[in-house]
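Enquirer: Supplied in structure tokens, the structure appears directly below.
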Amino acid sequence: MNHLPQAWGRPRDDVYGPYDGSYLQNDGPNQHSQSPIVTGTSVLALKFKDGVVIAADNLASYGSLARFTDVKRLRKFAETSVVGFGGDVSDMQYLDRLLNSLDIEEAYGSTGHTLNAQNLHTYLAKVLYKRRSNFNPLWNQLLVAGLDGEGKPFLASADLLGTTFSSPSLATGFGAHLAQPLLRKVAPDEETASKLSLEQAVEAVKASMKVLFYRDARSIDKYSIAVVTKEGIDLKQDEKLENQSWAFAEQIRGYGTQVN
Amino acid sequence: MTMFSQNPLMNGPNYSFSQTPTMASGANKEHSFYPYTDNGGSTLAISGNDFMIMAGDTRSTSGYNINTRYSPKVFKIGGTTSSQDDATLVLSVVGFAADGHALKEKLDAIVKMYRYQHGKPMSVKACAQRLSTILYGKRFFPYYVTAILGGLDEDGKGAVYSYDPVGSYEREQCRAAGAAASLIMPFLDNQVNFKNQYIPGSGEGHALVERAKDPLPLVVVEALVKDAFDSAVERHIEVGDGLSMMLITKNGIEEKFLPLKKD
Amino acid sequence: MFRNNYDNDSVTFSPQGRIFQVEYASEAVKQGSVVVGLVSKTHAVLVAVKRNAEELSSYQKKIITIDEHLGLSLAGLASDARVLSNFMKQQSLSSRLIYGRAIPLSRLVDSIGDRAQTNTQHYGKRPYGVGLLVAGVDELGPHLFEFQPSGMTQEMAASAIGARSQMARTYLERNLEKFADCGRQELVVHGLKALKESLAQDKELTVENCSVGVVGIRPDGAKTIEGFKLFDGQDVKQWVDLVAEGAEETAEEGMEVDT
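Next comes the structure, spelled out in structure tokens:
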């Protein structure tokens, strides 16, 4: 998939030919979103021994404009799961409201029952698939982090088409290209992930966030990071990327001001 | 600049909203949201005299990305428990994974209700017919999947039913579907249905005698499946990582997993 | 049966504040053969006496499996129970479909309770003529719920409904403290003993007329629960023999040793 949210859900050029953008007329009956407007970039997550680490930066872009620089894209659910949102921010806020009402509904009445991360992911995937089937997509790619029914670490993705998958490490958007290879090096399979310590996992995710900030033009150095374990959620929303080294920048050739 | 030309707002790598065209050039409006994607992968089913094998790789892709190395596309259908250990049917779906999941869950719910209401498992034949009507029910917004249904028929013989996305179906001896179908199917024609195999020295031209179509034993079929996937992995980038196999006999369904190359 | 003028519909109170149609519906429950349910810390059990209308007919189904984690037993109009159990099956399938979760028992029972209640408040509707015992397990452990045509639902430690069920309830009340720590077999035996109390003089528990449903929590280390399993015919012999007339004494002694 193309990392640019604008291209999500569109037919691939190499398969279907260049896209016909003639839909852009200002009248007609269509009210459904045809493209995301204010967007968040990558979300990263990695499983470890006792849970999952998940992170996303705090930027909401309006095209190439860094429009909102303090948008929290990780959301807690029922103190047991975290959802990370990539893609359209208004759709993220809609989903946030939806999850709020789901949370209230679940907490109401019967005591002791909660939806775990796996249940939550199944539900969200159903919502997204239903919306795409009505040609009215929620333009997001989500990562759901938490624990499954057996109390084991759970991490899965769901996107605007309703596609779902699960893996020891996941990254959305640009992160799928840049961060996922780094995370896969740390946790190539479930077994390796189940032996990772919290520190190792956090370090890998933070390193990946830094790489993304270096190379993703739609990213920012302020980010949120959450650790989900059976003890609960440790969510920090005002982290700053540390120990950046831009020494590599002057090595870059081929564009910019220098000519050679 | 393939990457950027996908964005209909721009005709190149520019990324500025000032360049957004405000009026359309064409008369007819078209949805820019495309509700499908291809998640790659391949599936394969072969039936024997008293068994059938359904197999599929476990890689899930988006373009050149690997989403995950483990996303099985072969499912047990219609068991009474969440682990499906008393199921009698298997379904494989390949193509658009979200549609595949939706189709699987719909069929599973229907077969479960059948079992609840009739107190017995659904026959493959009945389930095959039902699956066809489910697919055809979405004829004008199809499930973008190639499905294969497997089980044992009323006589205990292995049964394979293959489908197109809108419900055309047929019972076959074997079938390969998905990304590497065009690589695997000819191999199957030759190795399962003995196409182009003649008895040496039996004659010239049309006088050649075809090799007798004896049913294959389980061990041979299992080896064929493995070979088919090992070969497909070698030549197709969307196939690999793992092989999930289901073997159906009168004793039930046996699940097997084998690693495939991850490159 | 000519009780009074206030029993033609279920929306009119009698001057004494009663709704006779609902009370009559409860009478239908008492016409049904007896069913018993009880829970321990690990299991929930349903036992029931099946009746055959005549020698030549088959026995009425008394226990229905709804989902892997729950089942119900009924007393009263079997056809009403079928409607309710179909609804419960749908609810439980849709919970698995939407959330990938086994529906919590309390939620499922509340939903049929709400359905039954609307029947008692709309003109032209008829209350369900059936009582249910719903047994199952969810993430909070094993549960037993009782459902009545009035829409009343209640979680129970042990319960019996149907014809002459008072006798069974008396047994259950007397032995209540023992149930919590019972193993699977002990719990079934207690259920059958309670059931026996409610039998008519000339009746006996046999493999033909007896149904048992058992469900249990996930044992330590196991990945899944011990799913709801219905036992009929020869499969119940193992327990029926334990409570048979002759075996009574020895079985009783065995139980004493255990406690």
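Residue numbers (my numbering), protein chains in the order written: chain X, -15 to 244; chain G, 461 to 723; chain B, 1052 to 1310. C-beta atoms are modelled at their ideal positions from N, C-alpha and C, and glycine is treated no differently. Source: prediction; values computed, not measured.
1) What are the residues that DSSP puts in a beta bridge with E1206/B?
2) Who pairs with K1280/B in a beta bridge, going by DSSP?
3) Rounded to whole angstroms, what's the CA-CA distance from G1202/B to D1165/B? Just pull it up for me.
4) At 4 residues or longer, what runs of the alpha helix (DSSP H) sit wholly inside the region 649 to 718 of chain G?
5) Looking at the structure shown, is Q221/X part of a helix, part of a strand, or coil, going by DSSP?
6) So, does the CB of T548/G fall closer than 7 Å to a CB anywhere in chain B?
7) Taking only the alpha-carbon atoms, compute the straight-line gap between V128/X and A29/X and give it to the nearest angstrom.
8) Under 7 Å, CB to CB, which of the residues in the region 495 to 506 of chain G have a partner in chain X?
9) Please determine, among A1129/B, L1121/B, S1130/B, the residue with the shortest C-alpha to C-alpha distance to Q1142/B.
10) Does any CB atom of chain B fall closer than 7 Å to the CB of T106/X?
11) Taking only the alpha-carbon atoms, compute the straight-line gap between A1079/B and L1144/B and give it to the nearest angstrom.
12) Along chain B, in chain order, which residues have C-beta atoms closer than 7 Å to that of K572/G?
13) Does any C-beta atom of chain A lie closer than 7 Å to the C-beta of E682/G?
14) What residues in its chain sit with their C-beta under 7 Å from that of Q1172/B, if we drop five residues either side in the sequence?
15) I want to see whether chain B comes within less than 7 Å of E565/G, judged by CB atoms only; does it?
16) If you measure between the beta carbons of G157/X and R116/X, is that distance less than 7 Å?
17) If we define contact as Cβ-Cβ less than 7 Å, is G96/X a contact residue for chain B?
18) Applying the criterion that 16 or more other CB atoms from any shown protein chain within 10 Å of the CB defines a buried residue, is Y92/X buried or exposed?
19) Around the Cβ of G1088/B, are there at least 16 other Cβ atoms within 10 angstroms (buried) or fewer (exposed)?
20) Establish whether the CB of Y530/G and some CB of chain B are separated by less than 7 Å.
21) With a threshold of 7 Å between beta-carbons, can F493/G be considered close to chain X, or not?
22) Along the chain, where does the beta strand (DSSP E) that runs through P137/X open and close?
23) In this structure, does DSSP put D1118/B in helix, strand or coil?
24) Could you please tell me which residues of the region 1270 to 1302 of chain B, in chain order, have their CB closer than 8 Å to any CB of chain X?
25) Got a sec, what are the start and stop residues for the beta strand (DSSP E) T1063/B sits in?
26) Out of D1271/B, Y1179/B, E1119/B, which has the shortest C-alpha to C-alpha gap to E1074/B?
27) Return the CA-CA distance between F600/G and T593/G, expressed in angstroms with no decimal places.
28) Excluding five sequence neighbours on each side, which residues of the same chain lie with their C-beta closer than 8 Å to the C-beta of G1284/B?
29) Do A1132/B and V1181/B come within 7 Å of each other at the CB atom, strictly closer than that value?
30) Going by the CB atoms, is the gap between V1185/B and V1160/B shorter than 7 Å?
31) Since Y576/G is in the alpha helix (DSSP H), which residue starts that stretch and which ends it?
32) Among I713/G, I659/G, P646/G, which residue has its Cα nearest to the Cα of K673/G?
33) Rounded to whole angstroms, how far is the Cβ of I36/X from the Cβ of L139/X, which I believe are closer than 8 Å?
34) Could you check which residue in K1101/B, Q1082/B, Q1217/B, L1281/B has the C-alpha nearest to that of A1245/B?
35) Exposed or buried, what is D1292/B when buried is set at 16 or more other beta-carbons lying within 10 Å of its beta-carbon?
36) Check the Cβ-Cβ distances between G1187/B and every residue of chain X, and say whether any is below 7 Å.
Expert: The short version:
1) Locating residue 1206/B in the third sequence gives position 155, where the first residue counts as 1. In the DSSP output, where bridge partners are listed per residue, E1206/B has F1196/B.
2) Within the third sequence, numbered from 1, the residue matching residue 1280/B stands at position 229. According to DSSP, K1280/B bridges with V1265/B.
3) Position 151 of the third sequence holds residue 1202/B. Position 114 of the third sequence holds residue 1165/B. Whole-angstrom Cα-Cα distance: 6 Å.
4) 678 to 695
5) Locating residue 221/X in the first sequence gives position 237, where the first residue counts as 1. Residue state, collapsed to three classes: strand.
6) By one-based count along the second sequence, residue 548/G stands at place 88. Not one chain B Cβ lies under 7 Å of T548/G.
7) The sequence position of residue 128/X within the first sequence is 144, counting from 1. The sequence position of residue 29/X within the first sequence is 45, counting from 1. Approximately 9 Å, taken between the alpha carbons.
8) P495, T497, N499
9) Residue numbering aside, residue 1142/B sits at position 91 when the third sequence is read from its first letter. When each option's Cα is compared against that of Q1142/B, the closest is L1121/B.
10) Working through the first sequence from its first residue, we reach residue 106/X at position 122. Yes, its Cβ sits closer than 7 Å to a Cβ of chain B.
11) Along the third sequence, one-based indexing puts residue 1079/B at 28. Along the third sequence, one-based indexing puts residue 1144/B at 93. Going by the C-alpha atoms only, they are around 29 Å apart.
12) Residue mapping note: residue 572/G aligns to position 112 of the second sequence, counting from 1. The answer, in chain order, is L1144.
13) Here the protein chains are X, G and B, and chain A is not one of them.
14) Here the question's residue 1172/B lines up with position 121 in the third sequence. Closer than 7 Å at Cβ, skipping near neighbours: V1062.
15) Position 105 of the second sequence, counted from the start, is the residue given in the question as residue 565/G. Interface residue, yes.
16) As a working mapping, residue 157/X is identified with position 173 in the first sequence. As a working mapping, residue 116/X is identified with position 132 in the first sequence. Cβ atoms of G157/X and R116/X: not closer than 7 Å.
17) The residue labelled residue 96/X in the question sits at position 112 within the first sequence. Yes, its Cβ sits closer than 7 Å to a Cβ of chain B.
18) Here residue 92/X is taken as the residue at index 108 of the first sequence, counted from 1. Burial call: exposed.
19) Walking along the third sequence from the start, residue 1088/B turns up at place 37. Classification for G1088/B: buried.
20) Reading the second sequence from its first residue, position 70 is the one you call residue 530/G. Judged by the 7 Å Cβ criterion, Y530/G is not in contact with chain B.
21) Against the second sequence, residue 493/G aligns to sequence position 33. It does: the Cβ of F493/G has a partner Cβ on chain X nearer than 7 Å.
22) The residue labelled residue 137/X in the question sits at position 153 within the first sequence. Per DSSP, P137/X belongs to the beta strand (DSSP E) from 137 to 143.
23) The residue labelled residue 1118/B in the question sits at position 67 within the third sequence. Of the three classes helix, strand and coil, the one that applies to D1118/B here is strand, per DSSP.
24) K1274
25) Within the third sequence, numbered from 1, the residue matching residue 1063/B stands at position 12. Per DSSP, T1063/B belongs to no beta strand (DSSP E) and is neither H nor E.
26) Working through the third sequence from its first residue, we reach residue 1074/B at position 23. The shortest Cα separation from E1074/B among D1271/B, Y1179/B, E1119/B belongs to Y1179/B.
27) In the second sequence, the residue the question calls residue 600/G occupies position 140. In the second sequence, the residue the question calls residue 593/G occupies position 133. F600/G and T593/G: Cα-Cα distance of roughly 13 Å.
28) Within the third sequence, residue 1284/B is the residue found at index 233, counting from 1. Within the same chain, G1284/B has close Cβ partners V1258, E1259.
29) Residue numbering aside, residue 1181/B sits at position 130 when the third sequence is read from its first letter. Residue numbering aside, residue 1132/B sits at position 81 when the third sequence is read from its first letter. Cβ distance < 7 Å, so V1181/B and A1132/B count as in contact.
30) Indexing the third sequence from 1 puts residue 1160/B at position 109. Indexing the third sequence from 1 puts residue 1185/B at position 134. Going by C-beta atoms, V1160/B is nearer than 7 Å to V1185/B.
31) Against the second sequence, residue 576/G aligns to sequence position 116. From DSSP, the alpha helix (DSSP H) with Y576/G extends over 557 to 578.
32) Locating residue 673/G in the second sequence gives position 213, where the first residue counts as 1. When each option's Cα is compared against that of K673/G, the closest is I659/G.
33) Within the first sequence, numbered from 1, the residue matching residue 36/X stands at position 52. Within the first sequence, numbered from 1, the residue matching residue 139/X stands at position 155. The question names Ile, but residue 36/X is Val in the sequence shown. Right, their Cβ atoms sit about 5 Å apart.
34) Residue numbering aside, residue 1245/B sits at position 194 when the third sequence is read from its first letter. Of the candidates K1101/B, Q1082/B, Q1217/B, L1281/B, the one whose C-alpha sits nearest the C-alpha of A1245/B is Q1217/B.
35) Start at 1 with the first residue of the third sequence, and residue 1292/B comes out as number 241. Looking at its Cβ environment, which holds fewer than 16 other Cβ atoms inside 10 Å, D1292/B is exposed.
36) Numbered from its first residue, the third sequence carries residue 1187/B at position 136. No - not a single Cβ of chain X is within 7 Å of the one on G1187/B.
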